[in-house]
Every structure is written in C-alpha cells, then in structure tokens.
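Structure first, commentary second.
Numbering (our numbering), first residue to last: 1 to 554.
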C-alpha cells in the first residue's frame with residue numbers, strides 16, 4: 001500500500017479574463033496571455049438571442065377581439081389591370097381572406113397586414129353586401145352575378161361577420177317591420193321584365209316570383225329581412241276604417257220633384273287580406289280606395305235611387321231607413337269583388353231645401369201629433385180592456401179560490417171521515433181482541449184457581465194422611481198432640497226438670513236407657529217442682545241425694 005503510486009491530475013486552465021463594466025476589454029496587469037473568442041461564436045450568440053425577439057415582434061400577427069387582419073403580399077406577380085385583390089397566392093397585393101382572432105406568424109419581408117373591425121349588424125337591421133372587385137355587370141342589371149362587382153342578392157342578418165373591407169362593402173338598412181293588423185305588399189324590383197311576358201298574361205296586374213312587379217303573396221305581421229335593392233314593401237292596413245261623408249264628401253242628388261237633397265253619413269270598411277296586393281296595385285292607398293272606389297259607387301247609387309223619390313220622402317223616418325239599408329247592400333255587393341268589405345253605412349243627416357223643409361216638417365209634426373193622439377186613444381182603450389180583463393181575472397180568481405176551498409174542505413172532511421172510520425174499525429178490532437184475551441185470561445184464572453184448589457185439597461189430604469200415620473205411630477191422638485206440643489215448645493225451653501216416669505218427659509227416652517232403668521223405676525219419684533230459682537232439697541239420711549240434670553242459662 002505504501003509503494004502504490006497514483007497518477008497526477010492535469011493542471012487547471014487559467015481563469016477567463018474579467019470584462020470591465022464599460023464593456024471594453026482592458027489589459028490586466030497579469031503577464032498571462034488573453035484568450036480571444038472567434039467572431040463566428042459571437043455572431044452565433046447574437047443570432048440565438050435576437051432571432052426569437054425579431055420573430056416575436058416582427059413576424060407576429062395577433063388580431064384582438066372584434067378585429068380581423070387583412071394580409072397584403074409584398075412580393076409576387078403584379079395584379080391584372082382593373083383588379084384590386086390578389087385572387088391567387090402568386091400575385092402581390094391585398095389577399096381576399098382575412099385572419100380572425102388568434103395568433104399568426106408571417107414573414108414581414110413578404111407580407112404586411114392591417115387590422116380592421118369586424119362587421120356587426122344589430123337586431124332589427126340587415127346588411128347588404130356590395131362587391132368591390134370583379135368584372136362590370138351588364139347594363140340595366142341591378143344585382144351582381146358570379147364574379148361581378150356590385151350588389152349581391154344575399155343579405156346579412158343580425159350578427160357578427162369577418163369580412164374583408166377591401167373586397168366587400170356592407171351597407172346596413174332597417175329590417176321591414178309589419179305591425180299587427182296590417183300586411184306588407186311586396187314589389188319586386190329585379191327579375192324578368194313584365195313586357196317580355198306572353199300575351200295571354202299581358203293584362204294581369206300581379207306577377208310570380210322571379211319577375212318584376214307586384215307579387216301576389218303578402219307579408220304577415222312581424223319582422224322580415226329583405227334586400228331593399230330587390231324588394232320594396234308597402235304596408236297596407238287591414239283594420240276597419242271610417243270615412244265621414246260630410247262637407248265636400250257629402251252625397252247630393254236631385255229628387256223626383258227637382259229638389260237637391262244632401263246626405264251626410266259614415267262609412268266603415270276594411271280591406272280583405274287575399275286581395276290587398278291587387279287592390280293596392282290597381283287602385284292605390286286608402287284615400288284612393290275611398291275617392292276612386294267607394295264614393296263614386298255611393299254617389300251613383302244615391303242619384304239613381306234618389307231620383308225615384310220626392311224630397312218629402314227623405315224627411316220621414318221610414319224612407320230614410322230604407323234608403324240607408326239599400327245603399328249599404330249595394331256598396332257591399334259592388335265593393336266585395338274589389339276586395340273591400342263594407343262593415344256598415346250610417347246616414348246621420350239628410351238635408352232638404354228650406355222652402356219645403358218647414359212645410360213638410362210642420363205637416364210631419366201634425367201627422368206625428370195625430371198618430372200620437374191615436375196612440376193615446378189606443379192606449380186608453382187598451383187600458384180599459386186591460387182593466388176589464390183584470391176584473392174578470394179577479395172574479396175568476398175568486399171563483400177558483402172558492403172552488404178550491406170547497407174542494408179542500410170536502411177532501412179534508414173525507415180524509416177525516418176515512419181516518420175516523422179507520423180508527424173506529426181499528427178500535428173495534430182491538431176491543432174484540434182484548435175481549436177474547438179477557439176471556440182467555442178468565443179461563444186461565446179459573447183453571448189456575450181450580451188447580452190451586454186441587455193442590456190445596458191434595459196438600460190437605462197429604463197432611464191429614466201424614467197426621468193419621470203419625471197418630472197411628474204414636475198410638476193415639478193424645479200422644480201425638482203431646483209430641484207436637486213438645487216439638488213446638490222445646491226450642492223455647494231453657495231449663496227442664498223431669499223424671500223417667502212413664503207419664504213424664506223421661507218416658508220418651510225409656511227405650512234409650514240401660515236395662516238398669518227398670519230397677520230404678522221402682523224407686524220413689526221425686527216431687528216435681530215448678531221452675532224457678534229454688535234451693536235444692538236435702539238428701540235423705542243414709543242415701544245420696546237424687547238430682548236432675550240442669551242446664552245453665554246461656
């Protein structure tokens with residue numbers, strides 16, 4: 001281990017020279033040589049540091065929210081004459097495609113770019129696209145075809161769109177809003193010219209879709225998005241309209257007797273939905289419908305019908321009402337074929353000349369007064385007849401009430417009689433039943449009494465037989481009587497003094513005594529003393545004292 005040798009490590013390289021803060025190399029006071037980096041290394045380090053920064057800040061395209069980026073190519077083939085967009089990647093100029101929100105990288109030596117806001121169409125509006133590039137459309141055509149510049153038929157509804165402003169210009173318009181109770185008549189501004197239509201359809205006022213003119217279909221209430229360069233919409237009111245026939249619009253005509261009569265009133269009408277387009281195209285708006293369609297027919301009918309009646313007929317109420325009804329029916333029939341529905345015709349006032357108005361009015365007043373008197377007389381007659389009918393009704397009512405009361409009394413009497421008879425019959429039946437029951441009870445009582453008497457007799461006989469047998473058993477009646485007496489009085493006797501004499505109480509027990517009793521019977525009997533607290537007698541000399549059994553009071 002001590003003789004083992006190890007290799008020596010290589011010498012350490014000299015430390016690199018320090019760079020002063022000013023960035024310039026200064027000679028160190030050391031005498032060692034300075035190592036210099038090759039220029040390729042410095043260049044490589046600069047490329048590594050500055051290339052990412054240049055790409056990040058020079059190549060980066062980052063549209064923000066609500067923006068698009070339009071690319072412009074700097075190199076390539078020049079654009080054809082009249083073109084503003086580069087339709088192929090090899091041409092330089094504005095590119096048709098745009099970059100939406102995001103992050104992209106393009107070579108700044110080849111590309112440049114611009115930021116533009118996106119197209120936003122709010123609610124209730126629409127956008128019309130106008131193409132700014134392409135070939136010119138033919139003369140007389142409004143809409144641009146494929147590859148042509150001009151107005152495009154497609155519209156943009158409310159929303160956000162990323163559109164190249166150098167390629168398409170967006171014009172915003174209000175959407176078509178049809179209010180409730182109205183329809184929209186559509187006029188097509190584009191399509192085949194009606195003059196090119198066949199002669200068979202030359203006199204029609206409405207056209208099909210794809211032709212210029214008024215379309216048969218109308219728009220219902222709501223919001224509609226139509227290209228204003230393609231369609232024009234006229235709103236038509238379908239609600240009821242009122243027109244006052246007064247002043248210059250009043251109807252005047254000559255009567256049969258040559259007087260001028262002026263009629264004032266009110267017309268109420270509406271337009272039918274199915275014929276709104278045709279009526280609007282043929283006649284016009286509401287004023288035109290009234291002036292050109294309704295009033296001329298009302299005036300013509302009034303002149304014809306008014307000339308058939310004298311002026312005095314229009315003051316009376318009946319002729320006036322008849323004239324109003326016939327005028328309303330005539331206007332309904334004549335205006336229905338045009339698509340106008342007459343709701344009502346009201347004649348408010350009919351003016352006649354003053355020279356006959358007063359005379360006719362007075363005469364009419366006199367006639368009305370006469371009619372009034374006649375009505376009063378008729379009312380008096382009716383009242384008298386009503387009074388007579390009331391009196392007859394009262395009499396009939398009294399008669400009916402009397403008959404009703406009589407019938408009620410008869411019915412009640414019959415009901416009471418029937419009830420009484422029924423009760424009497426029921427009482428008779430009950431009495432009969434009770435009589436039978438009493439008879440049965442009497443028979444039962446009699447049978448019971450006979451039974452009881454027989455029982456008593458049998459009981460007495462049984463008792464007598466018992467007594468007879470007992471007497472026979474005792475030998476004679478006196479012995480049985482004595483036994484019975486003793487039996488009844490024994491429970492009440494507290495002390496008894498007797499002997500065994502045959503005639504005394506002891507004689508009853510002689511059969512139970514021992515055989516020595518006959519010897520004792522020969523002895524003299526002691527005198528019987530009445531019960532009571534007496535002193536016992538002294539025994540005789542030379543013999544024991546004879547005593548009877550005693551029982552102490554309990």
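All C-beta atoms, glycine included, are put in the ideal place defined by N, C-alpha and C.
(message) Between the alpha carbons of residue 566 and residue 269, how many angstroms are there, rounded?
(response) This structure leaves residue 566 out entirely; the chain is present only between 1 and 554.
(message) Can you tell me whether residue 27 is helix, strand or coil according to DSSP?
(response) Unreliable positioning characterises residue 27 in this predicted model, as indicated by a pLDDT of 46, which lies under 50. A coordinate reading is not provided.
(request) Find the nearest neighbour of residue 250 within the set 264, 258 and 53, judged by alpha-carbon distance. (result) The option with the nearest alpha carbon to residue 250 is 264.
(message) Spatial neighbours of residue 148 within its chain, please: C-beta separation below 6 Å, excluding the five flanking residues on both sides.
(response) Same-chain partners within the cutoff: 134, 135 and 137.
(request) Classify residue 272 as helix, strand or coil using the three-state DSSP reduction. (result) DSSP places residue 272 in coil when its eight states are reduced to three.
(request) Would you mind reading off the limits of the alpha helix (DSSP H) that contains residue 96? (result) In the DSSP assignment, residue 96 falls outside any alpha helix (DSSP H) and lies within the beta strand (DSSP E) extending over 93-99.
(message) Under DSSP, the alpha helix (DSSP H) around residue 41 begins and ends at which residues?
(response) Taken as a continuous stretch (DSSP letters only), the alpha helix (DSSP H) holding residue 41 covers 39-54.
(request) Whole angstroms is fine: what's the gap from residue 491's alpha carbon to residue 454's? (result) Note on geometry: alpha-carbon atoms of residue 491 and residue 454 lie some 34 Å from one another.
(message) I'd like the list of long-range same chain contacts for residue 552, defined as Cβ closer than 7 Å, with 5 residues on each side in sequence excluded.
(response) With a pLDDT of only 37 at residue 552, under the threshold of 50, the placement of this residue in the model should not be trusted, and no figure is reported.
(message) According to DSSP, simplified to helix, strand and coil, what is residue 230?
(response) Look at residue 230 here: in three-state DSSP terms it is coil, with no helix or strand label.
(request) Could you spell out the range, first to last residue, of the beta strand (DSSP E) harbouring residue 169? (result) Segment 168-174, the beta strand (DSSP E) holding residue 169.
(request) Report all residues from its chain with a CB closer than 8 Å to the CB of residue 194; omit the five preceding and five following residues, and keep chain order. (result) 207, 211, 212 and 213, listed in sequence order.
(message) To the nearest angstrom, how far is the alpha carbon of residue 465 from that of residue 474?
(response) Taking the straight line from one Cα to the other gives about 14 Å.
(request) Figure out for me which residue from 318, 340 and 254 has the closest Cα to the Cα of residue 294. (result) Ranking 318, 340 and 254 by Cα distance to residue 294 puts 340 first.
(request) Go ahead and label residue 347 buried or exposed: buried means 16 or more other beta carbons lie within 10 angstroms of its beta carbon, across all protein chains shown. (result) Its Cβ being crowded by 16 or more others within 10 Å, residue 347 is buried.
(message) Relative to the C-alpha of residue 220, which candidate in 72, 239, 184 and 238 has its C-alpha closest?
(response) Nearest C-alpha to residue 220: 184.
(message) With three or more beta-carbon pairs closer than 8 Å as the criterion, would you say the region 169-182 touches the region 227-240?
(response) Judged by Cβ distances under 8 Å, the region 169-182 makes contact with the region 227-240, as three or more pairs qualify.
(message) Looking only at its chain, what residues have a beta carbon closer than 7 Å to the beta carbon of residue 271, apart from the 5 residues adjacent to it on each side?
(response) Answer for residue 271: 236, 238, 279, 339 and 340, listed in chain order.
(request) Have a look at residue 468 and residue 433 and give me their C-alpha separation to the nearest angstrom. (result) Distance between the alpha carbons of residue 468 and residue 433 is about 51 Å.
(message) Between which two residues does the beta strand (DSSP E) holding residue 219 run?
(response) Per DSSP, residue 219 is one residue of the beta strand (DSSP E) stretching across 213-219.
(message) Quick check on the burial criterion: 16 or more other C-beta atoms within 10 angstroms. Buried or exposed for residue 406?
(response) Classified as exposed, residue 406 has fewer than 16 neighbouring CB atoms from the shown chains inside 10 Å of its CB.
(request) Drop a sphere of 10 angstroms on the beta-carbon of residue 45, count the other beta-carbons inside from all chains shown, and report buried for 16 or more, exposed for fewer. (result) By the C-beta density criterion, residue 45 is exposed, having fewer than 16 other C-beta atoms within 10 angstroms.
(request) Provide the residue(s) that pair with residue 478 in DSSP beta bridges, ordered along the chain. (result) Answer is none; residue 478 lacks a bridge partner.
(request) Within the same chain, show all residues whose beta-carbon is closer than 7 Å to that of residue 483, passing over the 5 residues directly before and after it, in chain order. (result) Residues 474 of the same chain have their beta carbon placed closer than 7 Å to that of residue 483, with the five preceding and five following residues left out of the count.
(request) Taking only the alpha-carbon atoms, compute the straight-line gap between residue 189 and residue 229 and give it to the nearest angstrom. (result) If you take the alpha carbons of residue 189 and residue 229, they lie about 7 Å apart.
(request) Pull up the CB-CB distance for residue 256 and residue 296, whole angstroms please, since I reckon it's below 8 Å. (result) Incorrect: roughly 22 Å between the Cβ atoms, too far for contact.
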